[in-house]
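Residue numbers (the numbering used here): 1 to 507. Even glycine gets a Cβ: it sits at the ideal position worked out from N, Cα and C. Model, not experiment: these values are computed from the prediction.
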Ligand code: GLN
């Protein structure tokens, strides 16, 4: 194993420890990842912008502080990729949309500031579906990201760039955001770990809003412990976000280190599975449940009868919020401006800018949302959806009386081919069938790798959902699963990833 290979395949926890012990420097770790990005990103296109100079300067600063005897956090000096939906002062932020091309935020989001404060080194910004609307990264205004497991397939979305960066060994960690599944679904189809914390546990300040009552940022990583360490860094109260919860962050790191599920009651959601689910997804889900049961968990089947309406509910509430949040892109305040040749009235600039700057999916949702909120339709559509949202939240409450966590497949299928679902919005939306209920109820949820589907050799994700504020349970189950399955496979799932063209990864 070459030096570079050992640096890019190490876990974030290992890297942090070795940097703190001065066995390796943050600068060499960061350089190794920048080299991997150079070697692979032409094929993968995970990054929209790489911030080479600032990353190396941040790494050198961490090395200097450690050399001076400072004791920093467990991830100090470890590189990370950030979804291009989070503002990072001085670096272009596009949200994957042409309408924000060239816009440079004058401030950093709270999540980015927490990363900086913890000494993490930001490598750059990752690709996403436009304004995080999509399940394949194909609605990005800057071209799609490719799945490192099979470059002809999508890495999921909207956070396909973050998941692809992690699974292509370009970064050990990444930040994603999840409105309906955009952390968990990409994690599932790239064999990564991705967690959506309880709504309100991670500040939304400085994150470009898609649907504010659903959006939540969270960690993407290759191991459960790494995801927990990152979760710990970014979670916690922030007065700058009015929906931020002022409560203690659950001990996610302790849970990830323990993985003790003896006596934990695990509820398998009966509504997910069957028609539309790939056989390999069903098989690996069942095996994961069996592995957890062998580790001492009690398994029960739990019905959540309203979950079948979650997709329809989401596709009313989300576009309604989108239509309102995206009204600010008017050609006046941010990024692109079209038709500003002196004679045009403000309305003309607005129409031309929005017409040119937004892609098809953003327009579809703005129109749908405006319709659902309009006089005469509000009660029938938006109002009904809000009622159903409450019923879905009650399903969770009732379920958590019978069990400590709920589990299900993370996605109905493995990674699909680029182009396959672009012309069929419903097929695309169905990618998030299993992930959306957790957003509607605001509970914690995560996807953990649980094997490869025999029919196509592609990763399958196992979803765990916890009651609000009990995010530690996600990691307890994730760690148990990782331990049981690693023993069974004789290595990490990602170590089975096929070689990328041009990659320096050696297995
Ligand atoms: N794929 C879902 C959508 O298109 C979820 C997106 C997200 O979580 N940001 O809305």
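The segment 461-479 and the segment 194-201 touch, with no fewer than 3 CB-CB distances between them shorter than 8 angstroms.
Around the beta carbon of residue 417, fewer than 16 other beta carbons lie within 10 angstroms, which makes this residue exposed. The Cβ-Cβ distance between residue 224 and residue 193 falls below 7 angstroms. Considered as a whole, the segment 352-437 harbours 405-409 as its complete beta strand (DSSP E) runs of no fewer than 3 residues, in chain order. Note that the C-beta distance between residue 188 and residue 321 is not below 7 angstroms. At least one heavy atom of the ligand GLN sits closer than 6 angstroms to the Cβ of residue 179. Note on geometry: alpha-carbon atoms of residue 363 and residue 91 lie some 26 angstroms from one another. Segment contact: the segment 63-75 against the segment 155-166, fewer than three CB-CB distances shorter than 8 angstroms; contact not assigned. In terms of Cβ geometry, residue 65 and residue 357 do not form a close pair [threshold 7 angstroms]. Per the DSSP secondary-structure output, residue 47 pairs in a beta bridge with 126.
DSSP places residue 470 outside any beta strand (DSSP E), giving it a letter other than H or E. Just so you know, the alpha carbons of residue 489 and residue 288 end up roughly 13 angstroms apart.
Taking the Cα positions, residue 204 is about 16 angstroms away from residue 232. Counting C-beta pairs closer than 8 angstroms gives three or more between the segment 167-187 and the segment 440-456, which meets the contact rule.
For residue 361, the closest C-alpha among the options 423, 276, 466 and 28 is that of 423.
Relative to the Cα of residue 466, the nearest Cα in the group 229, 55, 250 and 12 belongs to 250.
The beta carbon of residue 16 lies closer than 6 angstroms to those of 74, 75 and 78 in the same chain, with the five residues before and after it left out. Shortest gap from the CB of residue 388 to any heavy atom of the ligand GLN: 6 angstroms or more.
Looking only at 208, 319 and 47, the smallest Cα-Cα distance to residue 174 is reached by 47. With contacts defined by Cβ atoms closer than 7 angstroms, residue 135 and residue 157 form a contacting pair. Proximity of the beta carbon of residue 187 to the ligand GLN is not indicated: no heavy atom of the ligand is located closer than 6 angstroms. Between the ligand GLN and residue 135, a heavy atom-to-CB distance of less than 6 angstroms is present.
Sequence-distant partners of residue 389 (beyond 5 residues in either direction) whose C-beta falls short of 6 angstroms from its own C-beta, in its chain, are 313 and 440. A straight line joining the alpha-carbon of residue 482 with that of residue 319 spans about 36 angstroms. Nearest to residue 484 by C-alpha distance, out of 383, 329 and 292, is 292.
Rounded to the nearest whole angstrom, the C-alpha separation of residue 401 and residue 68 is 52 angstroms.
Note that the C-beta distance between residue 410 and residue 461 is below 7 angstroms. Taking 7 angstroms as the cut-off, the beta carbon of residue 325 is found no closer than this to the beta carbon of residue 398. Taking 6 angstroms as the cut-off, the C-beta of residue 132 counts as close to a heavy atom of the ligand GLN.
In the three-state scheme derived from DSSP, where H, G and I count as helix and E and B as strand, residue 35 is classed as helix.
A distance below 7 angstroms separates the beta carbons of residue 227 and residue 221.
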